[in-house]
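Chains as they are written, first to last, in the numbering used here: chain A, 813 to 1227; chain B, 14 to 183.
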């Protein structure tokens, strides 16, 4: 990138104001237009591939589900597929259905998360609040069926770790089915809203040819009319036993990617219903004694695209080499094909369009006093602290207290 | 295993038969030897000469998609495994080439396949393989102040080598 006075470089990052991950986009701009860009990642490289070779085969799934807080069912599954291929073992049918259930629930929550964030990036926070509100029941179902909202520790080599009682199926089906309405409403809101059209249509187009040249996967590829989906192209678990369809859109712009994700959410709801309907009774795992020498790959269609794992075993307790390729790794560089020539204001949503990976691991923590067992900070205390802090700022800055200025006006409005 | 015996092995379950036989024929013609095959995937050892042209043909003519490249530090040098997915035919070919220890160099494929840019930069950072012809061979995974010539995914890597120089040394 040749930097000149009339073509300065605008860094977005390494601490990105919107995307909660360290990454640095260096945008070279000519006025308001992006003319070149470079990307720097790995500010937080964790060395998981190397770490994995020091864990036993059974421990690795717990490690790789921490690659990403959102794809935490897909990464272990891709690894487990590779190991099961090396072992040549056949997983019981019930376990295959239960795995499918969890990865599809994961897809629903990840896609709704993206829709919310996309709204947030556009400054359309109503979409953000709606999407995240409708996403919440899925997190609760995931917590119910796996014990955790993320890092599910569900799949293991040879099957799944925990069974789901058949009595729960009805309840899960009802809750997931109830999401179809709000998701359809959101889909129509995105497809028919003229404001969103103005911001999304024709923005950051990734052509089919470019999608193939940049080797992109998942909704990023399917939004550009490339019909690839690991669930159909290398069917694993229950995907070749139930009917479902691959959603594609030819346009390649941000709107197309949004539509693909929303329609896939609806499709995932249907898949979950079919899985619950067809799930057979039986064993949930087989005993795998040891992993023989060999090598294999496993790929799983994670919400963002194909998660690709390669495992090599020498017959010992640990993998000799474990390569992990997350979907964002191939999707993110395609910005260079889609963002150049775009307006600066459109770049934030263009960068978000491939759903670069975030971690949704943050949850509220309640601190308890060990001897007494009482909450150290309860809601009332937190509110009191917040009010005290505001008062402190007002005194420091010498401004009129908020209540004194706006209190009467609020009273008036309320009455 | 000799090339004659590899062609006798049956088509991996689930893969499109016609496509697979055509692909296998092309690979064998390029001197590839199948090491193992399982459900919808196979591992081939491919000679280094003419590999890039072969890969280009697989991607452009056979409709392959480069999933990623794995670099492995082995006793005789460095192995690069190019994972090529043929999505329509439901098959993944893993093409393994060995770079002897003294010549860790492989022609870059980024000029005609931009999707390989990141993975080639990563392998260069972590294993020290050179990719002549790569348009932007800059640091990707390692930080800018990481010492030159220290490759963290090599077997001989010691943590002490990666320490930043002390104040006295600088």
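The beta-carbon is built from N, C-alpha and C at its ideal position, and this holds for glycine as well. In this text the structure is predicted, and so the values were computed from the model without any measurement.
Just so you know, the alpha carbons of residue 865 of chain A and residue 163 of chain B end up roughly 20 angstroms apart. Its Cα nearest to that of residue 1034 of chain A, the residue A:1060 stands out among A:925, A:838 and A:1060. Cβ neighbours of residue 112 of chain B within its own chain (closer than 8 angstroms, five residues either side excluded): 61, 90, 91, 92, 93, 118, 119 and 142.
Just so you know, the alpha carbons of residue 132 of chain B and residue 150 of chain B end up roughly 11 angstroms apart.
For residue 1022 of chain A, the enclosing alpha helix (DSSP H) starts and ends at 1020-1025.
Residue pairing for residue 1109 of chain A: DSSP places it in a beta bridge opposite A:1122. Short of 7 angstroms from the beta carbon of residue 905 of chain A, and not among the five residues preceding or following it, lie these beta carbons of its own chain, in chain order: 1092 and 1094. With a cutoff of 8 angstroms on beta-carbon distance, residue 869 of chain A and residue 1131 of chain A are scored as near each other. In this structure, the straight-line span from the alpha carbon of residue 1147 of chain A to that of residue 1057 of chain A is close to 28 angstroms.
Around the beta carbon of residue 893 of chain A, a 10 Å sphere encloses 16 or more other beta carbons of the protein chains shown; the residue is thus reported as buried.
Interface residue (Cβ-Cβ distance to chain B less than 8 angstroms): residue 1049 of chain A is not classified as such. With respect to chain B, the C-beta atom of residue 1166 of chain A has no partner C-beta closer than 8 angstroms. For residue 897 of chain A, the nearest beta carbon of chain B is closer than 8 angstroms to its own beta carbon. Boundaries cannot be given for residue 118 of chain B, as no alpha helix (DSSP H) includes it and DSSP labels it neither H nor E. Chain order gives the chain B residues near residue 1026 of chain A as 127 and 128, where near means a beta carbon separation below 8 angstroms. Taken in chain order, no unbroken stretch of beta strand (DSSP E) lies wholly in the segment 989-1069 of chain A with a span of 3 residues or more. Leaving aside the five residues that flank residue 1156 of chain A on each side, the residues in its chain whose CB is nearer than 8 angstroms to its CB run, in chain order, 822, 839, 841, 844, 845 and 846. Secondary structure note for residue 150 of chain B: it is in no alpha helix (DSSP H), with a DSSP letter that is neither H nor E.
Secondary structure note for residue 956 of chain A: its alpha helix (DSSP H) is the uninterrupted segment 937-958. Contact residues of the segment 69-81 of chain B toward chain A are 78, 79, 80 and 81 (C-beta to C-beta distance below 8 angstroms).
Excluding the 5 residues flanking it on each side, residue 819 of chain A has same chain C-beta neighbours closer than 6 angstroms at 840 and 842, in chain order. Not flagged as an interface residue toward chain A: residue 118 of chain B, since no C-beta distance is shorter than 8 angstroms.
Runs of alpha helix (DSSP H) with 4 or more residues, each lying fully within the segment 1127-1175 of chain A, are found at 1139-1143, 1147-1150 and 1156-1164, listed in chain order. Residue contact check for residue 94 of chain B against chain A: a CB pair falls below 8 angstroms. The beta carbon of residue 136 of chain B is closer than 6 angstroms to those of 84 and 142 in its chain, skipping five residues each way along the sequence.
With three or more CB-CB distances shorter than 8 angstroms, the segment 913-927 of chain A counts as touching the segment 952-969 of chain A.
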